[in-house]
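Trainee: Protein chains in written order, with my numbering: chain R, 1 to 638; chain H, 1 to 638. From the three backbone atoms N, C-alpha and C, an ideal C-beta is built for every residue, glycine too. In this text, all values refer to a predicted model and were calculated from it rather than measured experimentally.
1) Alpha carbon to alpha carbon, how far is residue 335 of chain H from residue 104 of chain H? Give it in angstroms, no decimals.
2) Could you tell me if residue 272 of chain H is buried or exposed, where buried requires 16 or more neighbouring beta carbons within 10 angstroms of its beta carbon?
3) Would you mind giving the Cβ-Cβ distance between residue 641 of chain R and residue 338 of chain R, rounded to the nearest angstrom? I have them listed as a contact below 8 Å.
4) For a contact meaning CB atoms closer than 8 Å, what does residue 470 of chain R contact in chain H?
5) Check whether the Cβ atoms of residue 522 of chain H and residue 592 of chain H sit closer than 9 Å, and answer yes or no.
6) Would you kindly report the start and end of the unbroken beta strand (DSSP E) that includes residue 85 of chain H?
7) Just checking, does the segment 131-151 of chain R make contact with the segment 262-272 of chain R on the three C-beta pairs under 8 Å criterion?
8) Just to confirm the assignment: which complete alpha helix (DSSP H) runs, minimum length 4, are found wholly within the segment 75-148 of chain H?
9) Roughly how far, in whole angstroms, is the beta-carbon of residue 570 of chain H from the beta-carbon of residue 578 of chain H, given that I think they are within contact range, below 8 Å?
10) Please check if any C-beta of chain H sits within less than 9 Å of the C-beta of residue 417 of chain R.
11) Which chain H residues sit within Cβ distance under 9 Å of residue 562 of chain R?
12) Please name the residue or residues paired with residue 160 of chain R in a DSSP beta bridge.
13) With a threshold of 9 Å between beta-carbons, can residue 516 of chain R be considered close to chain H, or not?
14) Can you check which of these residues, H:160, H:164, H:303, H:179, is closest to residue 253 of chain H by C-alpha distance?
15) Mind listing which residues of the segment 528-541 of chain H have their C-beta closer than 8 Å to chain R's C-betas, in chain order?
16) Verify whether the separation of the beta carbon atoms of residue 198 of chain R and residue 180 of chain R is less than 9 Å.
17) Might you give, ordered along the chain, the residues of its own chain that have their beta carbon closer than 6 Å to the beta carbon of residue 457 of chain H, omitting 5 neighbours on each side?
18) On the DSSP bridge assignment, give the partners of residue 305 of chain H in chain order.
19) Which residue or residues does DSSP assign as beta-bridge partners of residue 416 of chain R?
20) Count the other C-beta atoms from every protein chain shown that fall within 10 angstroms of the C-beta of residue 548 of chain R, then say buried if there are 16 or more, exposed otherwise.
21) Output yes or no for whether 9 Å exceeds the beta carbon distance between residue 107 of chain H and residue 623 of chain H.
22) Within the segment 232-300 of chain H, note down every full beta strand (DSSP E) run reaching 3 residues or more, in order along the chain.
23) When you compare each of H:478, H:492, H:494, H:467 to residue 507 of chain H by their alpha carbons, which one comes out closest?
24) Keeping to the same chain, check which residues put their C-beta closer than 7 Å to that of residue 171 of chain H; ignore five residues upstream and five downstream.
25) Is residue 367 of chain H helix, strand or coil by DSSP?
26) For residue 317 of chain R, report the span of its beta strand (DSSP E) as first-last.
27) At the 9 Å Cβ level, is residue 645 of chain R part of the contact set with chain H, yes or no?
28) With contact counted as at least three CB pairs below 8 Å, one residue from each stretch, are the segment 4-14 of chain R and the segment 22-29 of chain R in contact?
29) Report all residues from its chain with a CB closer than 7 Å to the CB of residue 434 of chain R; omit the five preceding and five following residues, and keep chain order.
30) Using DSSP's beta-bridge definition, name the partner residues of residue 500 of chain R.
31) Just verifying my parser: in three-state terms, what is the DSSP assignment at residue 615 of chain R?
32) Please list the terminal residues of the continuous alpha helix (DSSP H) segment that includes residue 542 of chain H.
33) Under the three-state reduction of DSSP, which class applies to residue 170 of chain R: helix, strand or coil?
34) Tell me where the beta strand (DSSP E) around residue 639 of chain R begins and ends.
35) Just by C-beta distance, which residues in the segment 375-401 of chain H are closer than 8 Å to chain R?
36) Decide if residue 453 of chain R is buried, meaning its Cβ has at least 16 other Cβ atoms within 10 Å, or exposed.
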């Protein structure tokens with residue numbers, strides 16, 4: 001037994017590096033004359049390293065020296081406890097030290113430079129959660145905020161909004177453009193209608209695996225659970241343990257990064273992007289990885305961001321998203337559908353084509369050299385039209401809406417939009433749509449080549465294919481537009497390639513992949529739709545059901561987040577059939593499963609060429625792709 | 001050269017048996033003093049066999065004798081031409097004679113009894129079209145009808161209705177409960193909205209493979225194409241070649257059996273059922289067949305008819321069809337859904353259970369001894385509620401409908417009903433529904449055993465399963481109700497078995513069939529839904545698209561009529577996985593593909609235990625199942 005409560009004594013803890021920043025300076029917390037738990041418990045004031053040095057220079061030097069040695073021995077930052085008894089240092093315990101994401105990356109990269117660990121070890125040491133932490137929205141660290149509660153959280157991020165206490169109010173507030181924070185004792189399937197439109201979820205009960213956490217995670221919402229207080233649903237208030245009362249309509253901020261509840265609307269800062277160390281580490285991961293990483297992005301801004309995160313091309317650009325985000329385009333498209341005279345239709349298409357060309361040009365410029373896979377229009381026609389319900393409501397409210405519009409809109413209604421007149425089927429019935437898109441894409445590419453002399457690699461992807469005959473029907477239309485552009489601009493097929501591939505998003509496509517590979521230059525698994533059809537599950541309709549299944553342990557993952565085994569079976573069959581016909585067939589995933597670590601490892605294992613997640617998923621995928629390859633190497637060695 | 005235009009001469013044709021009835025009496029048509037084509041062309045009056053005998057007894061005897069010899073040689077009924085020159089018979093040619101379906105069956109069975117052909121040959125000689133012809137609705141043969149046109153036809157049957165010349169009128173007339181005959185020069189995808197509600201289709205152009213024919217065949221509609229006349233769409237009239245003019249609203253009868261157009265509303269007679277010869281022949285087919293034939297039937301009347309056609313059990317009884325057909329039940333079910341107080345819900349369920357028990361009792365009695373597979377409720381809840389559109393229309397028309405109903409109905413709306421909250425998912429969220437159905441089924445069985453001492457074999461089938469955990473969730477509920485009934489009635493598990501199986505109607509179920517086989521006692525392929533999910537095709541939405549694909553040769557069959565290869569691949573995988581776990585697993589098809597000859601042959605080839613079509617499909621399946629087994633034997637022999 002040694003004593004710190006003697007003269008020239010004390011007790012302290014040391015992180016061998018800075019656990020917040022990762023800097024190589026040890027962080028010491030020393031309590032002179034202190035004993036036992038007094039430092040760790042944080043209940044007493046302590047000395048920093050410089051102050052410790054000032055009081056006991058020899059002991060401090062000894063502590064730092066031993067710390068450095070132990071770090072070298074342990075090949076990682078250490079968290080050590082010691083006692084000084086009459087100037088002599090006694091060590092109590094050590095363990096690998098906890099650190100922030102930023103510190104973890106800085107330390108890993110620094111230790112490689114110091115020769116302490118290898119690049120392989122560095123890559124394996126970082127977790128995808130740490131990458132996500134770097135990239136999550138957060139409360140401005142420089143802002144003064146009033147923390148009023150602590151809680152559990154299942155995912156990262158921060159969000160502000162107004163408290164509501166039932167689904168009805170959540171739906172109503174969201175409909176007005178508000179930001180509801182749905183607040184319940186705990187959530188169940190019945191609350192789902194209000195959870196879906198909520199900006200955040202706050203509950204009295206539950207932990208990281210509770211119903212609310214499952215929904216938050218699968219829908220990318222911020223949630224805090226087990227708040228230190230009581231939710232009084234009947235009186236629409238939260239009573240925190242310290243007596244603070246929050247009422248319906250009060251603004252709060254959920255900070256899931258720090259697992260705290262903040263009073264009022266705290267200032268949020270957008271994700272900072274990758275730190276230099278993260279960039280370095282991910283570049284090492286890239287070198288090990290077999291799997292490439294592209295991105296799903298629909299706008300130039302999204303592509304810029306993905307490039308910064310290291311995306312090597314675009315795996316999926318959805319023309320319909322770009323249309324839906326622009327009021328003028330939406331109107332043009334609606335008129336193209338509803339107007340009858342052929343010339344009027346043609347004029348609308350021409351206007352859309354011009355705008356599309358400009359958009360594609362901006363995107364190809366950002367991704368220069370890298371492939372940009374552009375998917376032909378995918379959704380059913382009615383998604384571009386007003387909903388019948390909305391028209392009925394207008395008719396009921398006496399506003400001037402023509403009854404005639406109702407009939408025209410109803411004409412396009414479908415009872416199962418997912419399984420209806422969409423994807424390639426649209427192109428088969430409306431070849432002018434396929435031609436318009438192909439012309440815009442190739443013109444954009446040709447103009448960039450001619451005007452800016454940059455390399456471009458657009459690739460056209462046909463969605464919802466199940467039959468080879470569908471590709472055979474569409475390819476000549478695309479080819480013809482392609483040839484026209486080559487002629488018009490005097491460009492060789494070497495400089496602008498006419499590459500057409502297909503989505504594999506229906507079980508039938510996977511099972512007929514040998515036939516499709518005869519005519520498609522690449523495959524891209526639409527794992528979201530493939531999951532929907534394989535399981536007969538509409539993501540829009542069954543989210544609440546899935547949450548119930550997970551709660552009851554009937555399913556062990558969110559099928560729309562992490563690949564299900566039967567979907568993987570279909571993918572493996574498709575790869576085998578497709579590469580049997582064309583060994584060089586390029587195959588990737590363009591579904592959001594490409595951001596899920598388990599699914600990325602599967603993609604690596606079954607031999608895909610790339611995954612293509614959106615936003616921060618790009619960085620996650622780069623890391624995990626590198627780790628998957630390293631794990632293979634380790635398994636082969638041992 | 002011989003001459004029939006001499007004294008004591010003439011020319012004639014003979015069928016060696018009666019080609020209408022199949023009776024063993026030759027049918028002769030002789031023209032005394034006639035020559036060449038005069039008999040065959042039908043343009044001159046001729047003598048019957050008895051008259052021919054009266055005029056030239058020796059020649060007639062010779063003709064009949066040679067006919068009999070040639071029939072024995074040819075092992076089939078012969079159609080022979082001869083000339084008599086001065087009393088001497090000269091034979092010109094012979095061929096196998098054409099005959100009606102009824103005659104074909106009578107002749108085949110008679111020839112077996114005469115030792116002329118084997119039972120195997122007889123079964124192979126009959127076509128499924130002949131079986132269908134026996135069972136198709138037809139114009140009363142005893143009625144006097146005015147035939148006004150000739151045409152092509154692609155399917156059997158007869159229907160009366162009123163001429164309309166565009167989709168709008170077809171939809172409007174059908175909505176009023178009328179029977180539109182959509183009449184067009186030719187049809188295209190644009191006409192589909194009017195074809196779907198039409199009772200029949202009549203076109204000026206097109207043959208058996210035209211767009212109209214494809215739609216008629218796949219939707220079981222009567223159609224006549226290439227009518228001998230002109231369809232004047234603009235003036236809404238048909239001008240037949242003989243000058244007859246038919247106007248919009250005129251009644252006509254399309255007789256596809258005889259490929260004629262009849263003026264006015266001809267009396268139709270329901271299908272006659274199987275003739276004694278057909279029964280005999282199908283009983284032979286049964287002996288050869290490996291594949292058993294059950295039936296899809298939802299009411300006692302349908303089961304009675306299927307029993308007459310030889311169904312050995314029920315492969316699919318849909319509880320929801322039975323509910324939807326009864327106004328009182330529909331109302332009870334609607335109230336069960338929409339009422340909030342638990343007791344009110346319970347009372348409705350109890351009333352449904354009592355009615356269901358009575359219905360099941362009637363059906364088990366009909367099928368006594370044979371298995372009756374009863375599927376638990378399959379459709380999404382909203383199918384039992386008024387449609388939102390209907391409520392909006394009522395609100396608009398100012399009728400007293402509560403706005404509140406709209407909200408309650410909207411609560412159950414789904415964007416993809418096919419992929420939504422249905423099948424086993426209903427049972428998972430509403431266990432009381434599963435219990436209610438199981439109780440009704442086992443009580444019905446127990447009462448029959450106790451009160452009527454008959455053998456019964458109800459089997460419960462769970463729909464829309466994709467995970468083993470779903471069966472694990474439902475089976476204990478069913479088991480508990482089963483045990484309760486055994487106890488209550490004092491019945492042993494030997495007399496009333498508790499058999500629970502699963503549909504295989506999602507690709508995921510086929511791919512996880514090994515896991516499902518661990519807990520399911522039988523598999524039944526729901527080939528309709530399996531096709532919908534495998535191809536991402538909603539039958540309701542894409543019928544018009546499929547017709548276009550077929551017209552363009554992009555697909556070679558109607559996927560909802562005849563199994564697609566990728567669906568067969570999934571079925572084969574499921575069989576292999578399922579029987580790998582349980583070699584005795586009983587596996588059948590309960591989709592309507594079970595009436596398609598090609599699909600029945602596939603079912604035989606991949607080793608299914610049974611198919612289960614509805615109505616006349618039962619007889620078709622019995623024939624084709626026998627033929628498939630015989631073809632195997634022949635292939636094995638040589």
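Mentor: Taking the geometry as given:
1) Rounded to whole angstroms, residue 104 of chain H to residue 335 of chain H spans 54 Å at the Cα level.
2) Exposed, because fewer than 16 other Cβ atoms sit within 10 Å of the Cβ of residue 272 of chain H.
3) Only positions 1 to 638 of chain R appear in this structure, which leaves residue 641 of chain R out of reach.
4) Counting only Cβ-Cβ distances below 8 Å, residue 470 of chain R has contacts in chain H at 554, in chain order.
5) The Cβ atoms of residue 522 of chain H and residue 592 of chain H lie no closer than 9 Å to each other.
6) Residues 78-85.
7) Yes: at least three Cβ pairs fall under 8 Å.
8) If we require 4 residues or more, the alpha helix (DSSP H) runs fully inside the segment 75-148 of chain H come out as 101-113, 119-125, 128-135.
9) Rounded, the Cβ-Cβ distance is 12 Å, inconsistent with contact.
10) So yes, residue 417 of chain R belongs to the interface.
11) Within 9 Å Cβ-Cβ: nothing; residue 562 of chain R doesn't reach chain H, min ~15 Å.
12) Note: residue 160 of chain R sits in a beta bridge opposite R:253.
13) No, residue 516 of chain R does not count as interfacial toward chain H.
14) It is H:160.
15) Under the 8 Å Cβ criterion, the segment 528-541 of chain H contributes 529, 532, 533, 534, 535, 536, 537, 538, 540, 541.
16) Yes, these two residues count as a Cβ contact at 9 Å.
17) 371, listed in sequence order.
18) Per DSSP, none; premise fails for residue 305 of chain H.
19) Listed as beta-bridge partners of residue 416 of chain R by DSSP are H:416.
20) Burial call: buried.
21) No, the pair does not count as a contact, with Cβ atoms beyond the cut-off.
22) If only complete runs of 3 or more residues are kept, the segment 232-300 of chain H shows the beta strand (DSSP E) at 237-240, 245-247, 251-255, 260-263, in order along the chain.
23) Nearest C-alpha to residue 507 of chain H among H:478, H:492, H:494, H:467: H:467.
24) By the criterion of a C-beta distance shorter than 7 Å, residue 171 of chain H is surrounded in its chain by 193, 194, 197, once the five residues flanking it on both sides are discounted.
25) The answer is coil: DSSP assigns residue 367 of chain H none of H, G, I, E or B.
26) Element bounds for residue 317 of chain R: 314-318.
27) Outside the shown range of chain R, which is 1 to 638, sits residue 645 of chain R, and nothing can be said about it.
28) As far as the Cβ criterion goes, the segment 4-14 of chain R touches the segment 22-29 of chain R, which means the pair count is three or higher.
29) Once the five neighbours on either side are set aside, the close Cβ partners of residue 434 of chain R are 376, 427, 474, 477, 478.
30) For residue 500 of chain R, which the question treats as bridged, DSSP gives the partners R:460.
31) Note: residue 615 of chain R maps to coil in three-state DSSP.
32) Start and end: 539-551.
33) Of the three classes helix, strand and coil, the one that applies to residue 170 of chain R here is helix, per DSSP.
34) Nothing can be reported for residue 639 of chain R: it is not among the residues displayed for chain R, which extend from 1 to 638.
35) Within the segment 375-401 of chain H, those residues whose Cβ lies closer than 8 Å to any Cβ of chain R are, in chain order, 388, 389, 392, 395, 396.
36) Flag for residue 453 of chain R reads exposed.
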